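Same order as they appear, the protein sequences are chains A and B. In terms of the UniProt record's numbering, the numbers along the first sequence are unbroken and rise by one, the last being 337. In terms of the UniProt record's numbering, the numbers along the second sequence are unbroken and rise by one, the last being 72. Glycine included, C-beta positions come from ideal geometry on N, C-alpha and C. These numbers come from a predicted model, not from an experiment. Comments concern the structure below.
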Amino acid sequence: MEELRKEMENLKDQITAVRKTFQDSTLQEAAAGVTVVGRVQLKTRKTLRGHLAKIYAMHWGTDSTLCVSASQDGKLIVWDTITTNKVNAIPLKSSWVMTCAYAPSGNLVACGGLDNMCSIYNLKGKDGNVKVMRELAAHTGYLSCCRFLSDTEIITSSGDCTCVLWDIETGTQKMVFAGHQGDAMSLGVSPDFKFFISGACDFTAKLWDIREAECRQTFGGHESDINAIGFFPNGNAVITGSDDATCKLYDLRADQELLTYQDPSIMCGVTSLAPSKSGRLLLAGHDDFNVNIWDMLKAERVGVLAGHDNRVSCIGVSSDGMACCTGSWDSFLKIWN
Amino acid sequence: MSSKMQSSSSLAQARRMVQQLRMEASFERIKVSKASSDLMRYCGEHAKNDPLLMGIPTSENPFKDKKPCTVL
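As structure tokens, then:
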């Protein structure tokens, strides 16, 4: 056992050393000649009112018009963000919801939380009523995040430290992704749907091969729990947000951290993040009720979205890049552009 | 769970972690300079199609209420 521990330490040192040999430059140096993006001032265009308690999660539909939100008032609401109408208001069995997701097809939504389950709802049922289609149960900890691959497959992350790929039709686990040493808090799927990334309370982010059920890479550096994670739009880099109040950019092919987004005036943990369509802007939601907007190449703060009266718990940029949606403990969602 | 079983399961877990680290150590990496220039190029090529970055003219903004102008 002692030998194995020593070998673990040796291998970790080896990885750190090898990564350094590929660090012939830094992104900071490479981007030295790039001009910082001008001040980004987004305005609230819509406020989505209707939830009666803290909003914990939101996810855009792929049509860039509809989105789903989850609140501890025990409801999932599907919104038309342009008209602000509620398309569906789905009552949940368990009000302790922590995550929600919209299937790429627009046919299904999912949610879960302290019930340790991922519940799938069919929005396009025959009689027009939205009903539970499946309850995916097997996690031994809370459901922190879920993302659909298609109408038949969904990936979940859990407080039991694992992530799971589910077959929605049979309600069974297809793959279990084990390796994190702490609660898995967030996940993101690669643009080509072959990989996903997870951030956890062990302060690391892991890249997983979906079909091989293998962890390909592990990224450290954060000094506290990683609450939010997302892919850079081309799928070659990963962005993380942590309780240590910073975001980090990791490049997958160089297998290392490229930049840290931090400022001494930002002392509150990051709860959520989303890149803009080109990847140039990084929007990060914090516990201090604000969203900070970063120039991702220059690591400089170029804007702030201040409009919520409580913690910003979730954020998302629509697929066509036209708008950013924020959800808050103040029970409102806001659409900005 | 007997202590013997406990130690063998943590032994198995340690072996898995060593195996995982060996695999991660053998990963084929590219230089940071190449990774950086690729990221910068992607941002540059897609900047003009990034509405939040470029700004959206009112007439093309589906989220902005377009009120007709009245001449007083």
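Below 7 Å between beta carbons is the criterion; list the residues of the stretch 19-46 of chain B that meet it against any residue of chain A, in chain order.
-> Correct list: Q20, L21, R22, E24, A25, F27, R29, I30, K31, V32, S33, A35, S36, S37, D38, L39, M40, Y42, C43, H46.
Let me know the secondary structure DSSP gives M117 of chain A once reduced to three states.
-> Residue numbering aside, residue 117 of chain A sits at position 117 when the first sequence is read from its first letter. The answer is strand: DSSP assigns M117 of chain A an E or B state.
Are the Cβ atoms of Q14 of chain A and A25 of chain B separated by less than 8 Å?
-> By one-based count along the first sequence, residue 14 of chain A stands at place 14. By one-based count along the second sequence, residue 25 of chain B stands at place 25. Yes, they are a contact pair.
Within 10 angstroms of the Cβ of L11 of chain B, are there 16 or more other Cβ atoms? Answer buried if so, exposed if not.
-> As a first step, residue 11 of chain B must be located in the second sequence, where it is residue number 11. Answer is exposed; the Cβ neighbour count stays below 16.
For the beta strand (DSSP E) that contains C145 of chain A, what are its first and last residues?
-> Counting from 1 along the first sequence, the entry for residue 145 of chain A is found at position 145. Boundaries of the beta strand (DSSP E) around C145 of chain A: 143-148.
Can the beta-carbon of F203 of chain A be found less than 8 Å from the beta-carbon of S186 of chain A?
-> For the purposes of this step, residue 203 of chain A is taken as residue 203 along the first sequence, with counting starting at 1. For the purposes of this step, residue 186 of chain A is taken as residue 186 along the first sequence, with counting starting at 1. Result no, Cβ atoms of F203 of chain A and S186 of chain A do not sit closer than 8 Å.
Can you find a C-beta in chain B that's less than 8 Å from the C-beta of I335 of chain A?
-> For the purposes of this step, residue 335 of chain A is identified with residue 335 of the first sequence, where counting begins at 1. A Cβ of chain B is located within less than 8 Å of the beta carbon of I335 of chain A.
Can you grab the Cα-Cα spacing for the pair A30 of chain A / S36 of chain B, in whole Å?
-> To locate residue 30 of chain A, count along the first sequence from 1; it is residue 30. To locate residue 36 of chain B, count along the second sequence from 1; it is residue 36. If you take the alpha carbons of A30 of chain A and S36 of chain B, they lie about 6 Å apart.
Identity of the residue in A:E300, A:Q217, A:W79 nearest G262 of chain A by Cα | The residue you call residue 262 of chain A lines up with position 262 of the first sequence. What sits at residue 262 of chain A in the sequence shown is Gln, not Gly. Checking every option, the nearest Cα to that of Q262 of chain A belongs to A:E300.
How many angstroms separate the CA atom of W166 of chain A from the CA atom of K206 of chain A?
-> Along the first sequence, read from residue 1 onward, the residue named residue 166 of chain A stands at position 166. Along the first sequence, read from residue 1 onward, the residue named residue 206 of chain A stands at position 206. Straight through space, the alpha carbons of K206 of chain A and W166 of chain A are spaced by roughly 19 Å.
Select from the UniProt repeat "WD" (270-304) of chain A all residues with a C-beta closer than 7 Å to any C-beta belonging to chain B, and list them in chain order.
-> From the UniProt repeat "WD" (270-304) of chain A, only S276, K277, S278, G279, R280, L281, L297 have a Cβ closer than 7 Å to chain B.
Cβ neighbour criterion (16 or more within 10 Å) applied to M1 of chain A | In the first sequence, counting from the first residue as 1, residue 1 of chain A sits at position 1. In the assembly as shown, M1 of chain A is an exposed residue. Its beta-carbon has fewer than 16 other beta-carbons within 10 Å.
Check: E28 of chain B C-beta below 7 Å from any heavy atom of the ligand GDP = Summarising the ligand content, the structure contains no ligands, and the ligand GDP is consequently not present.
With 8 Å as the threshold, decide whether the Cβ of D244 of chain A is near any Cβ in chain B.
-> As a first step, residue 244 of chain A must be located in the first sequence, where it is residue number 244. No, because no Cβ of chain B sits closer than 8 Å to the Cβ of D244 of chain A.
If we ignore side chains and look at the alpha-carbon of each, how far apart do C100 of chain A and I55 of chain A end up?
-> Numbered from 1 along the first sequence, position 100 holds the residue referred to as residue 100 of chain A. Numbered from 1 along the first sequence, position 55 holds the residue referred to as residue 55 of chain A. Going from the Cα of C100 of chain A to the Cα of I55 of chain A covers about 11 Å.
Using three-state DSSP, classify S278 of chain A as helix, strand or coil.
-> In the first sequence, residue 278 of chain A corresponds to position 278, counting from 1. Note: S278 of chain A maps to coil in three-state DSSP.
By the 10 Å Cβ neighbour count, where 16 or more other Cβ atoms means buried, how is C324 of chain A classified, buried or exposed?
-> Counted from its first residue, the first sequence places residue 324 of chain A at position 324. In the assembly as shown, C324 of chain A is a buried residue. Its beta-carbon has 16 or more other beta-carbons within 10 Å.
Cutoff 7 Å; reference C268 of chain A; Cβ partners in own chain excluding five residues on either side = Your numbering for residue 268 of chain A matches position 268 in the first sequence. Excluding the 5 residues flanking it on each side, C268 of chain A has same chain C-beta neighbours closer than 7 Å at A245, H286, D287, D288, in chain order.
Beta-carbon neighbours of A14 of chain B, restricted to chain A and to distances below 8 Å = Walking along the second sequence from the start, residue 14 of chain B turns up at place 14. The answer, in chain order, is M1, L4, R5, M8.
Name, in chain order, the residues that DSSP records as bridge partners for A184 of chain A.
-> Counting from 1 along the first sequence, the entry for residue 184 of chain A is found at position 184. Answer by DSSP bridge pairing, in chain order: A:A200.
With DSSP collapsed to three states, give me the class of C125 of chain A.
-> Taking the first residue of the first sequence as 1, we reach residue 125 of chain A at position 125. It is worth fixing the name first, because residue 125 of chain A is Gly in this sequence and not Cys. G125 of chain A: coil per DSSP, three-state reduction.
Would you please verify whether the beta carbon of K66 of chain B is less than 8 Å from any beta carbon of chain A?
-> For the purposes of this step, residue 66 of chain B is taken as residue 66 along the second sequence, with counting starting at 1. No, K66 of chain B does not count as interfacial toward chain A.
Output the boundary residues of the alpha helix (DSSP H) element that contains Q262 of chain A.
-> On the first sequence, residue 262 of chain A is found 262 positions in, with the first residue counted as 1. Q262 of chain A -> no alpha helix (DSSP H), and no H or E assigned at all.
When DSSP labels each residue in this structure, what does A35 of chain B get in the three-state scheme?
-> The count along the second sequence starts at 1 and reaches residue 35 of chain B at position 35. Three-state result, A35 of chain B: helix.
Measuring only between beta-carbons, confirm whether F22 of chain A sits less than 8 Å from chain B.
-> If you number the first sequence from 1, residue 22 of chain A lands on position 22. For F22 of chain A, the answer is yes, since a Cβ of chain B falls inside 8 Å of its Cβ.
Span separating the alpha-carbon of S328 of chain A from that of T21 of chain A | Counted from its first residue, the first sequence places residue 328 of chain A at position 328. Counted from its first residue, the first sequence places residue 21 of chain A at position 21. Cα to Cα, the separation comes out at about 43 Å.
Taking the runs of the beta strand (DSSP E) that are 3 residues or longer, which of them lie wholly in the UniProt repeat "WD" (219-260) of chain A?
-> Here the runs fully enclosed are 226-231, 237-242, 247-251.
Flag P62 of chain B as yes if its beta-carbon sits less than 8 Å from any beta-carbon of chain A, otherwise no.
-> As a working note, residue 62 of chain B is residue 62 in the second sequence. For P62 of chain B, a Cβ of chain A is located within less than 8 Å of the residue's own Cβ.
Could you give the distance in angstroms between the alpha-carbon of L21 of chain B and the alpha-carbon of T218 of chain A?
-> Against the second sequence, residue 21 of chain B aligns to sequence position 21. Against the first sequence, residue 218 of chain A aligns to sequence position 218. Each residue's alpha carbon lies about 9 Å from the other.
Using alpha carbons as the reference points, say which of A:H59, A:T326, A:T26 lies closest to G188 of chain A.
-> The count along the first sequence starts at 1 and reaches residue 188 of chain A at position 188. Taking only the C-alpha atoms, the option nearest G188 of chain A is A:H59.
Return the chain-ordered list of same chain residues with a C-beta closer than 7 Å to the C-beta of Q72 of chain A, the five sequence neighbours on each side being excluded.
-> Here residue 72 of chain A refers to the residue found at position 72 when the first sequence is read from its first residue. Only A53, K54, Y56, S95, W96, V97 meet the Cβ criterion.
Could you give the DSSP three-state label for S319 of chain A: helix, strand or coil?
-> As a position in the first sequence, residue 319 of chain A is number 319, starting the count at 1. Coil.
Chain B within 8 Å of C100 of chain A, Cβ atoms only | Numbered from 1 along the first sequence, position 100 holds the residue referred to as residue 100 of chain A. No, C100 of chain A lies away from the interface with chain B (no Cβ there is under 8 Å from its Cβ).
Limits of the unbroken alpha helix (DSSP H) element including L52 of chain A = Here residue 52 of chain A refers to the residue found at position 52 of the first sequence. Looking at the DSSP string, L52 of chain A is not in any alpha helix (DSSP H), and its letter there is neither H nor E.
Label Q256 of chain A either buried or exposed according to how many other C-beta atoms from any shown protein chain fall within 10 Å of its C-beta, with 16 as the threshold for buried.
-> In the first sequence, residue 256 of chain A corresponds to position 256, counting from 1. Buried is the call here.
Where do the ends of the beta strand (DSSP E) carrying K206 of chain A lie?
-> Residue 206 of chain A sits at position 206 when you count from the first residue of the first sequence. That run of the beta strand (DSSP E) goes 205-209.
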